[in-house]
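Q: Protein sequence lines correspond, in order, to chains E, W and F.
Quick note: the numbering used here has the first sequence finishing at residue 448, numbered continuously throughout.
Quick note: the numbering used here has the second sequence finishing at residue 729, numbered continuously throughout.
Quick note: the numbering used here has the third sequence finishing at residue 91, numbered continuously throughout.
Glycine included, each C-beta is placed from N, C-alpha and C at the ideal position.
Small disclaimer: the values here were computed from a predicted structure and weren't measured.
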Amino acid sequence: MRHLDEYRDADAISVLLRQIEARVSRDWNLMEVCGGQTHSILRFGLDELLPPRIRLIHGPGCPVCVTPLEQIDAALEIAATPGVIFCSFGDMLRVPGSHADLLSVKAAGGDVRIVYSPLDALKLARGNPQRQVVFFAVGFETTAPANAMAVWLAAREGIENFSVLMAHVLVPPALDALLSDSDCRIQGLLAPGHVCTVTGWREYERIALQYGVPVVVTGFEPLDLLRGVLAAVTQLEKRRARAENQYERVVSKNGNLSAMRVVDEIFIVADRKWRGLGEIPASGYEIAPDYSRFDAKRRFGLDLLDVPEPVECLSGLVLQGKIRPTQCPQFGSRCTPETPMGATMVSSEGACAAYFAYGREPVAMTVGGEPAAVER
Amino acid sequence: MPTTLISKLACPMPVEQEDVIQMAHGGGGLKMARLIERHFLPLLQNEALAQLGDGGVVEFGPSRLAVSTDSFVVSPPFFPGGDIGSLAVHGTVNDLAMCGAEPLALSAALILEEGFRKSDLDRIIASLASAAAAVKVPVVTGDTKVVERAKGDGIYITTTGLGHVRHGVNPGPDRAMPGDCILVSGPIGDHGMAIMAARHDLTFDPPLCSDSATVLPAIRQLLSAFPDDVHVLRDPTRGGLATALCEIAEASRVTIGIDESAVPTRPEVRAACELLGFDPLYVACEGRFIAIVSEKSAERALRIVRETEIGCAAVQIGVVEGTDTARVLLTTRIGSHRRLERISGEQLPRIC
Amino acid sequence: MCLAVPGKVMEVRGIEELRSGTVDFGGVRRDVSLAFVPDVNAGEYVLVHVGFALARIDEQAARETLEALRQIGQLEEIPPEEARHATP
Numbered sequence: 073m074r075h076l077d078e079y080r081d082a083d084a085i086s087v088l089l090r091q092i093e094a095r096v097s098r099d100w101n102l103m104e105v106c107g108g109q110t111h112s113i114l115r116f117g118l119d120e121l122l123p124p125r126i127r128l129i130h131g132p133g134c135p136v137c138v139t140p141l142e143q144i145d146a147a148l149e150i151a152a153t154p155g156v157i158f159c160s161f162g163d164m165l166r167v168p169g170s171h172a173d174l175l176s177v178k179a180a181g182g183d184v185r186i187v188y189s190p191l192d193a194l195k196l197a198r199g200n201p202q203r204q205v206v207f208f209a210v211g212f213e214t215t216a217p218a219n220a221m222a223v224w225l226a227a228r229e230g231i232e233n234f235s236v237l238m239a240h241v242l243v244p245p246a247l248d249a250l251l252s253d254s255d256c257r258i259q260g261l262l263a264p265g266h267v268c269t270v271t272g273w274r275e276y277e278r279i280a281l282q283y284g285v286p287v288v289v290t291g292f293e294p295l296d297l298l299r300g301v302l303a304a305v306t307q308l309e310k311r312r313a314r315a316e317n318q319y320e321r322v323v324s325k326n327g328n329l330s331a332m333r334v335v336d337e338i339f340i341v342a343d344r345k346w347r348g349l350g351e352i353p354a355s356g357y358e359i360a361p362d363y364s365r366f367d368a369k370r371r372f373g374l375d376l377l378d379v380p381e382p383v384e385c386l387s388g389l390v391l392q393g394k395i396r397p398t399q400c401p402q403f404g405s406r407c408t409p410e411t412p413m414g415a416t417m418v419s420s421e422g423a424c425a426a427y428f429a430y431g432r433e434p435v436a437m438t439v440g441g442e443p444a445a446v447e448r
Numbered sequence: 378m379p380t381t382l383i384s385k386l387a388c389p390m391p392v393e394q395e396d397v398i399q400m401a402h403g404g405g406g407l408k409m410a411r412l413i414e415r416h417f418l419p420l421l422q423n424e425a426l427a428q429l430g431d432g433g434v435v436e437f438g439p440s441r442l443a444v445s446t447d448s449f450v451v452s453p454p455f456f457p458g459g460d461i462g463s464l465a466v467h468g469t470v471n472d473l474a475m476c477g478a479e480p481l482a483l484s485a486a487l488i489l490e491e492g493f494r495k496s497d498l499d500r501i502i503a504s505l506a507s508a509a510a511a512v513k514v515p516v517v518t519g520d521t522k523v524v525e526r527a528k529g530d531g532i533y534i535t536t537t538g539l540g541h542v543r544h545g546v547n548p549g550p551d552r553a554m555p556g557d558c559i560l561v562s563g564p565i566g567d568h569g570m571a572i573m574a575a576r577h578d579l580t581f582d583p584p585l586c587s588d589s590a591t592v593l594p595a596i597r598q599l600l601s602a603f604p605d606d607v608h609v610l611r612d613p614t615r616g617g618l619a620t621a622l623c624e625i626a627e628a629s630r631v632t633i634g635i636d637e638s639a640v641p642t643r644p645e646v647r648a649a650c651e652l653l654g655f656d657p658l659y660v661a662c663e664g665r666f667i668a669i670v671s672e673k674s675a676e677r678a679l680r681i682v683r684e685t686e687i688g689c690a691a692v693q694i695g696v697v698e699g700t701d702t703a704r705v706l707l708t709t710r711i712g713s714h715r716r717l718e719r720i721s722g723e724q725l726p727r728i729c
Numbered sequence: 004m005c006l007a008v009p010g011k012v013m014e015v016r017g018i019e020e021l022r023s024g025t026v027d028f029g030g031v032r033r034d035v036s037l038a039f040v041p042d043v044n045a046g047e048y049v050l051v052h053v054g055f056a057l058a059r060i061d062e063q064a065a066r067e068t069l070e071a072l073r074q075i076g077q078l079e080e081i082p083p084e085e086a087r088h089a090t091p
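(1) List, in chain order, every chain W residue whose beta-carbon is nearer than 9 Å to that of aspartate 163/E.
(2) Check whether the Cβ of alanine 227/E lies closer than 8 Å to any Cβ atom in chain F.
(3) Against chain W, with Cβ distances strictly below 8 Å, would valine 31/F count as a contact?
(4) Give the interface partners of glutamine 422/W over in chain E, defined as CB-CB distance under 7 Å, in chain order.
(5) Looking at the structure shown, is aspartate 163/E part of a helix, part of a strand, or coil, going by DSSP?
(6) In the region 202-217 of chain E, which residues sit with their C-beta less than 7 Å from some C-beta in chain F, listed in chain order?
(7) Which partner residues of leucine 539/W appear in the DSSP bridge assignment?
(8) Only counting the same chain, and skipping five residues up and downstream in sequence, which positions put a Cβ closer than 7 Å to that of glutamate 447/E?
(9) Mind listing the chain E neighbours of histidine 577/W? Cutoff is C-beta to C-beta under 9 Å, in chain order.
(10) Determine the chain E residues that contact glycine 712/W at a beta-carbon separation under 9 Å, and present them in chain order.
(11) I want to see whether chain W comes within less than 8 Å of glycine 265/E, judged by CB atoms only; does it?
(12) I'd like the list of long-range same chain contacts for leucine 194/E, defined as Cβ closer than 7 Å, with 5 residues on each side in sequence excluded.
(13) Give me the residue from Glu229/E, Leu196/E, Val241/E and Lys345/E with the minimum Cα distance to phenylalanine 207/E.
(14) Do you know offhand how far cysteine 407/E's Cα is from aspartate 447/W's?
(15) Taking 8 Å as the cut-off, decide whether the C-beta atoms of glycine 664/W and aspartate 588/W are in contact.
(16) Do you know how far the Cα of arginine 125/E is from the Cα of alanine 86/F?
(17) Starting from proline 244/E, trace the alpha helix (DSSP H) both ways and give me its first and last residue.
(18) Can you list, in chain order, the residues of its chain whose CB lies under 7 Å from that of arginine 715/W, leaving out five sequence neighbours each side?
(19) If distances are taken between C-alpha atoms only, which option among Val334/E, His240/E, Leu88/E and Pro201/E comes closest to glutamate 20/F?
(20) Measuring CB to CB, does glycine 538/W end up less than 8 Å from valine 609/W?
(21) Closest to glycine 519/W by C-alpha separation, out of Ser671/W, Ile534/W and Gly563/W, would be which residue?
(22) Can you tell which of Gly433/W, Leu600/W and Ile398/W has the C-alpha that lies nearest to the C-alpha of histidine 416/W?
(23) Is there at least one Cβ from chain F nearer than 8 Å to threonine 306/E's Cβ?
(24) Taking Cβ-Cβ distances below 7 Å as the criterion, which residues of the region 690-714 of chain W are in contact with chain E?
(25) In this structure, does DSSP put proline 594/W in helix, strand or coil?
(26) When DSSP labels each residue in this structure, what does proline 379/W get in the three-state scheme?
(27) Report the start-end ranges of each alpha helix (DSSP H) in the region 268-332 of chain E that is 4 residues or longer and not cut off at the edges.
(28) Does the Cβ of cysteine 689/W have 16 or more other Cβ atoms within 10 Å, making it buried, or fewer, making it exposed?
(29) Can you give the beta carbon distance from isoleucine 144/E to glycine 162/E, rounded, assuming they're within the 8 Å contact cut?
(30) Could you pull out every residue in the same chain whose Cβ sits closer than 7 Å to the Cβ of methionine 54/F, ignoring the five residues on either side in sequence?
(31) With DSSP run on the structure shown, which of helix, strand or coil describes leucine 349/E?
(32) What are the residues in the region 310-325 of chain E lying within 8 Å of chain W by C-beta distance?
(33) Reducing DSSP to helix, strand and coil, say where glycine 432/W ends up.
(34) What residues of chain E sit near glutamate 79/F, judged by a beta carbon separation below 8 Å?
(35) Find the residues of chain E that neighbour isoleucine 720/W, judging by a C-beta separation of less than 8 Å, and give them in chain order.
(36) Going along chain F in order, which residues have a C-beta closer than 8 Å to the C-beta of aspartate 645/W?
Shown next, in the form of structure tokens:
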């Protein structure tokens, strides 16, 4: 596949690894923000190929993992409503709410359908005018334009039996929340390349400046990730802290303006609770007032109650990048994909599940094994 | 802006529904394995079953008979490259072949949902009959039940096959030995991706086609030439190649090493996997087999399989490395390594 | 987050928000919305996420990246004394 295979080339990868090796003179902690980047790192074994001085911390870039319980419960309630066709991306199907997940609602007779694109949900709405079709709009900014366009088209065509359950989250506020934590270990960021394809990377310049960390807009293939690591390490070794773009073939500083126009028309920024991180102001999208009739919460009269979450597993620490999945005492023993304790193991792109799938052995929690607190 | 998050550590404890069956129990992965281990084996103890092969082998005088049964619940019942009827024949005939058996007869039990169209039923039975006739295996008995509307998925078919195990042949999942070579008969992932596309209305051009077919002709050739040297035969159905290899590694208690770049996939299957976020190693096949053969016979075995139509694209994908731990190690295209584990349930299309 | 895959636009239909195209992903083709890449034409490559093209792939930038890596790789094969005089 063109523009894909070239970035998995073994020779080019060796070149980058050697360059990284040559440049590194001390320990560095880098966070790759996006779940897709984590997947790629583990799938290709990049964390094992990188010199041990470079420690990759997995960030909260998993919209499935960070969707709070009450949102899932709302989805389940709507999905179980007779006559509703509930459409969702596959990622969300197995994530448990308080008592069930979408798959079990389906088993009990709910019409739950996996869609590849929000346009598929719209198509279902057109083809089933007697039924209410609800689309579960999860995702980061990358998916927002597509989801917004579905609403825009529904409004234009007058498809009134279509509505959207909003669970969108935004990356920069989460990074602010993480980086402003005094206990933060992150020294450099590999920024999410596909989010930046949509939003551009101006906001990440602000983050680099404000927290004094190098921020490198990075893609998803092995070559992209290694170039991102190399750029971050190069900055760190030279005590620099600025934003730069390593995913130049698709990311521009201003992003995709026509996509953002639709997003700005249909959605508004709102406060959002993140599983594992708590409530973060201005960190999500809701539907703008002009389009509120397409808001499923309104249409189904749901009030999202605050569902208290028992503090039992260490998903939160993993999401904050404070520990690796393998450092959780439950990892691989009490907590496995078969018997998950938290969202990061339930979701297939959660850091813990990804670690398990790609065969990472649990490591002992050693005293003093944690990297030292960082001066920034 | 929140100043401290440590106090907000929160993570939901998912409610584990231990007392009911979930979809994942049918996925071919770990949940299903545990179900069998904990709920079936203790009550059904016998040597043949304990092998957990594709079929059970029992002594019958001087001969050995193989029995295999499979339920086919595929939805939608019609898909590019086949339908539930032909699939039901191929699946059981292939399982008998994996035991080293020549199929003698099949039975077919149908569970039909009230409201299922007779014209669809006719098409399916015609397809089933045709598949059975092609391998000259008669369907000698059957059963028909009807369930109320919404209590079944249109049509379910269970086929059971009886076969005669070739003399001197004894493939089994526990027979892999260090040094053995691992062969796969053709590109992986065709069936699973075809079903996924059909089920979720994902149109691809060209449409993804199932590889549903019988592997008997290739197995016949292989076993005629190497009755002793074929140690393991397995068809990678639900759970795909990786799951089958994990099962073999566990049964034989060996380390299996696989070279990712040697594993064949069709370009369209590969592209569809990239689009939906699937790992082809875990996607079902219905017309392929894995053969683990002794090192000395590997080259010739490969040649023999390649001469058959069903095995014309056979390749070696790895070796059995050692006996210290039961695991499957994949060497990636870029030279790193990762362990292949069983997954919980079915892969689902993802956006992340 | 964000599984996005590169593909080649084979043909384009419609205008504005309804602009769409057949995109070839090196093995399969699918219909993709081109609403967010109004300047993209047939023959160009795009990055696709959940059925929408989000960006044109800049062929030149891609070429430069890969070429730079190739050159470094070649440089590494040159013995040290000569490497000092070679142009990067």
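A: Reading from the atomic positions:
(1) Residues of chain W whose Cβ lies closer than 9 Å to the Cβ of aspartate 163/E are, in chain order, Gly654, Leu725, Pro726, Arg727, Ile728 and Cys729.
(2) no
(3) Interface annotation, valine 31/F: in contact with chain W, CB-CB separation under 8 Å.
(4) None at all; the shortest Cβ gap to chain E is about 24 Å.
(5) helix
(6) Residues passing the 7 Å Cβ filter: Gly211, Phe212, Thr214, Thr215 and Pro217.
(7) Bridge partners of leucine 539/W: Val444/W and Ala482/W.
(8) Model confidence at glutamate 447/E stands at a pLDDT of 30, short of 50, so the residue's coordinates are unreliable; what they give is reported in the following sentence. Sequence-distant Cβ neighbours of glutamate 447/E in its own chain, meaning closer than 7 Å and more than five residues away, do not exist here.
(9) Gly162, Arg185, Ile186, Val187, Tyr188 and Asp192
(10) Within chain E, the residues near glycine 712/W are Ala82, Ile85, Ser86, Gly117 and Leu121.
(11) No, glycine 265/E does not count as interfacial toward chain W.
(12) Ala222, Leu225, Ala226, Ile231 and Phe234
(13) Looking at Glu229/E, Leu196/E, Val241/E and Lys345/E, the one whose alpha-carbon comes closest to that of phenylalanine 207/E is Leu196/E.
(14) 32 Å
(15) yes
(16) With a pLDDT of 47 at alanine 86/F, under the threshold of 50, the predicted position of this residue should be treated as unreliable, and no value is reported.
(17) 243-251
(18) Leu707 and Thr709
(19) The shortest C-alpha separation from glutamate 20/F is found at Val334/E.
(20) With respect to the 8 Å criterion, glycine 538/W and valine 609/W are not classified as neighbours on the basis of their beta carbons.
(21) Ile534/W
(22) Proximity to histidine 416/W across Gly433/W, Leu600/W and Ile398/W peaks at Ile398/W, based on C-alpha coordinates.
(23) No, no contact with chain F.
(24) Thr709, Arg710, Ile711, Gly712, Ser713 and His714
(25) helix
(26) Low confidence applies here, because proline 379/W scores a pLDDT of 31, under 50, leaving its location unreliable; read the following figure in that light. In the structure shown, proline 379/W sits in coil (DSSP, three-state: anything other than H, G, I, E or B).
(27) 274-283 and 294-309
(28) exposed
(29) Not really, about 15 Å apart at Cβ, beyond 8 Å.
(30) One detail in the question is off: residue 54/F reads as glycine in this sequence, not methionine. Excluding residues within five positions, the ones whose Cβ falls inside 7 Å are Val35 and Ser36.
(31) coil
(32) none
(33) coil
(34) Val87 and Arg90
(35) Pro409 and Ala429
(36) At residue 645/W the sequence reads glutamate, which differs from the aspartate that was named. Gly30 and Val31, listed in chain order.
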